[in-house]
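2 protein chains.
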Amino acid sequence: MFFMDAINATDRLPTRGHAAKRLSILEAGARVFCREGYSGANIDMIAAEAAVSRQTVYNHYGDKDKLFAAVVTEITQRCNARSFEVLATFPDQPENLENELIAFAVRLTRNCLCDEDGKYLRKLIQSEGERHPQLFAGWRTDGPGKVWSALAARFARLAYAGHLDLDDPDIAARQFLALVNTELQIPALFGEKLESSRLQETAACAVRTFLRAYGRNRSDSQEMARGERALRA
Amino acid sequence: MFFMDAINATDRLPTRGHAAKRLSILEAGARVFCREGYSGANIDMIAAEAAVSRQTVYNHYGDKDKLFAAVVTEITQRCNARSFEVLATFPDQPENLENELIAFAVRLTRNCLCDEDGKYLRKLIQSEGERHPQLFAGWRTDGPGKVWSALAARFARLAYAGHLDLDDPDIAARQFLALVNTELQIPALFGEKLESSRLQETAACAVRTFLRAYGRNRSDSQEMARGERALRA
DNA sequence: ATATTTTTGGACAGCCTTGTCTAATATGTC
DNA sequence: GACATATTAGACAAGGCTGTCCAAAAATAT
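Here the protein sequences line up with chains L and X, keeping their order. Numbering-wise (the working numbering), the first sequence opens with residue 474 and increments by one. Numbering-wise (the working numbering), the second sequence opens with residue 474 and increments by one.
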């Protein structure tokens, strides 16, 4: 468990400038590792991007492996924290379910999937996940695993309250996330970001489809969809 | 356009053993680049895995950059070809739409998204896409772009024939793919494969949701879902 | 069987990277 | 101001990787 050192090392933050440099290195490490991959990144790049001498990097994190581990655990923690923050804003007592779900989907995308940290984490996992499975094991169980089941619980409650009609909340939760992610996939591969308007639009489409499948009054939304189409024609 | 050389170089395949080694190197290159990333991979590894001397690799492909480009274009072509092969088996005149769509989804997943080449391509793009956008531009337009619009056209035809009820075939097509991919995401990150049974199950869930949202007789499938649930209880 | 083409192993220079060490400098504390 | 601690630049050895060269061996074609 070589990366435990790195985790514990984060605890002692003596002076002010010390901690600042430490964070700056971590931040730069995330950017560079993400951009260049583990082997492509080198300590000089990271030091330069952190505006710090190479030796300082070694003073703080020991070696490249430990720095990488520290970066991963830091980003993972941040992402998880943000996910649960957003999850707390789930519309439990919706007045307008569609609109509130869309807003929730936008928050989720913008703050967790599409933000800097989310992008970093995805790339780090993609490039090194196969090689360091233990490093990302925590993310896998505490991250998406927990988010999924928490989201599933919210959906189950909505269904119980009569707002949804679903067989299996777990499947519904995962499909909800999949739908919300629809348009993100390709741009994410190339490190591009979606503009806010397209993000909003995608969320709306996703939620509309989700509610067509799982909404309580599906015939109503079917009618509405027909009406909209007729109006456009 | 440094990678054009690599493409054209593929044309002359003089002797038998020559071409065999060439392919073997390409194959090994795909594996190693994918496993280790561009900077992590080295020519000795690839040569060893191709059961060939290092010099032979240089004889065939010039240098690491060109070899990488050749690997990418080869895998891209294979994946595209396979995608359109599967696309040709889309159920245009369905007798049992649900079952035939599920079977189609399984074919798509197994042969295009989840197979070796698909996995390679995804990882290569993920790790190097940001750095070599020109290299993957072809994939982006000829790959998913074409598949999406082809799939959208199929859905539009199904809708016209009265089998589906959809507003926007493009969105439906992308959401279909997103739903089919639901369970693939995480395992794909870690280079794991889904067992056949889970793959089948996921496809079934995806298609069921898709048809609940876009099926012609949605109230019917709603009734059926209710019936199933009652039966289980 | 001979001529041609490919392949091989090994040696090599040049370069980059890691991680250590040092002495000098800066930063902050008392 | 004196002290301790952090930081810096630079030099350094060890090792890895790329890409080239060469001569011998193997495979292939005529």
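A virtual CB, placed ideally from N, CA and C, is assigned to each residue, including glycine. Since the model is a prediction, treat every value here as computed from it, not as a measurement.
7 Å Cβ cut-off: residues of chain X touching residue i
{"i": "L/A651", "result": "A651, L652, N654 and T655"}
{"i": "L/L563", "result": "Sequence check: residue 563 of chain L is Phe here, not Leu. Going along chain X, no residue has its Cβ under 7 Å from L/F563, so there is no contact; the nearest lies around 20 Å."}
{"i": "L/F663", "result": "G602, E603 and P606"}
Cut-off 8 Å between Cβ atoms - residues of its own chain near residue i, not counting five sequence neighbours on either side
{"i": "X/K494", "result": "A523, V525, T529 and H533"}
{"i": "L/P642", "result": "A625, A626, F628, A629 and A632"}
{"i": "X/F735", "result": "One cannot answer for residue 735 of chain X here, as it falls past the ends of chain X, which runs 474 to 706."}
{"i": "L/W621", "result": "D643, A646, R647 and L650"}
{"i": "X/P567", "result": "E573, L574, L631 and H636"}
Beta-carbon proximity list for residue i, same chain, < 6 Å, skipping 5 on both sides
{"i": "X/T549", "result": "W612"}
{"i": "X/L631", "result": "L637"}
{"i": "L/A514", "result": "V505 and F506"}
{"i": "L/E601", "result": "Y511"}
{"i": "X/L570", "result": "H636"}
{"i": "X/I516", "result": "R527 and V530"}
{"i": "X/R555", "result": "N584 and C585"}
{"i": "X/F663", "result": "none"}
{"i": "L/A501", "result": "I519, E522 and A523"}
{"i": "L/T488", "result": "Residue placement at L/T488 is poorly supported in this model, since its pLDDT is 46, which falls under 50; the coordinates still yield a value, given next. Closer than 6 Å at the Cβ level, and outside the excluded window around L/T488, lies no residue."}
{"i": "X/N553", "result": "D615 and G616"}
{"i": "L/R551", "result": "D590"}
Outcome for residue i when other beta-carbon atoms lying within 10 angstroms are tallied against a minimum of 16
{"i": "X/D638", "result": "buried"}
{"i": "X/N572", "result": "exposed"}
{"i": "L/G618", "result": "exposed"}
{"i": "L/E558", "result": "exposed"}
{"i": "L/R671", "result": "exposed"}
{"i": "L/A561", "result": "exposed"}
{"i": "L/A542", "result": "buried"}
{"i": "X/E509", "result": "buried"}
{"i": "X/G490", "result": "exposed"}
{"i": "X/A634", "result": "exposed"}
{"i": "X/Q599", "result": "buried"}
{"i": "X/A610", "result": "exposed"}
{"i": "X/T614", "result": "exposed"}
{"i": "X/D484", "result": "Note that X/D484 scores 38 on pLDDT, short of 50, meaning its location in the model is unreliable and no value can be drawn from it."}
Listed by chain order, chain L residues near residue i by CB distance under 7 Å
{"i": "X/C678", "result": "I644"}
Within chain X, the residues that residue i reaches when beta carbons sit closer than 9 Å
{"i": "L/K596", "result": "Q599, S600 and E603"}
Which listed residue (the options) has its alpha carbon closest to that of residue i
{"i": "X/V505", "options": "X/G618, X/D590 and X/S622", "result": "X/D590"}
{"i": "L/I498", "options": "L/F628, L/R508 and L/M518", "result": "L/M518"}
{"i": "X/A629", "options": "X/I644, X/G616 and X/P617", "result": "X/I644"}
{"i": "X/R595", "options": "X/A661, X/D538, X/R604 and X/F649", "result": "X/A661"}
{"i": "L/E668", "options": "L/A651, L/D588 and L/A626", "result": "L/D588"}
{"i": "X/L540", "options": "X/N553, X/R551, X/A520 and X/C552", "result": "X/A520"}
{"i": "X/E547", "options": "X/A503, X/L560 and X/E568", "result": "X/A503"}
{"i": "L/K434", "options": "L/D565, L/K592 and L/N553", "result": "Not covered by the structure: residue 434 of chain L. The range shown for chain L is 474 to 706."}
{"i": "L/I659", "options": "X/G616, X/V545 and X/D640", "result": "X/G616"}
{"i": "L/V545", "options": "L/L597, L/L496 and L/D565", "result": "L/L597"}
Cutoff 7 Å; reference residue i; Cβ partners in own chain excluding five residues on either side
{"i": "X/L586", "result": "N654 and L657"}
{"i": "X/A686", "result": "none"}
{"i": "X/A676", "result": "I575, A578, V579, T582 and V653"}
{"i": "L/R604", "result": "none"}
{"i": "L/Q673", "result": "V579"}
{"i": "L/A679", "result": "A578, L652, V653 and T655"}
Closer than 9 Å at the beta carbon, the chain L residues around residue i
{"i": "X/Q648", "result": "A651, L652, T655, C678, A679 and T682"}
{"i": "X/R685", "result": "R685, A686, Y687 and R691"}
Proximal residues of chain L, C-beta to C-beta of residue i below 8 Å
{"i": "X/G510", "result": "G510, Y511, S512, G513 and S600"}
Residues that residue i contacts on chain X, provided the C-beta gap is smaller than 8 Å
{"i": "L/P427", "result": "In this structure chain L extends from 474 to 706, so residue 427 of chain L is not present and cannot be described."}
Residue i beta carbon near the ligand ATP (any heavy atom closer than 7 Å)
{"i": "L/R508", "result": "This structure does not include the ligand ATP; it has no bound ligands of any sort."}
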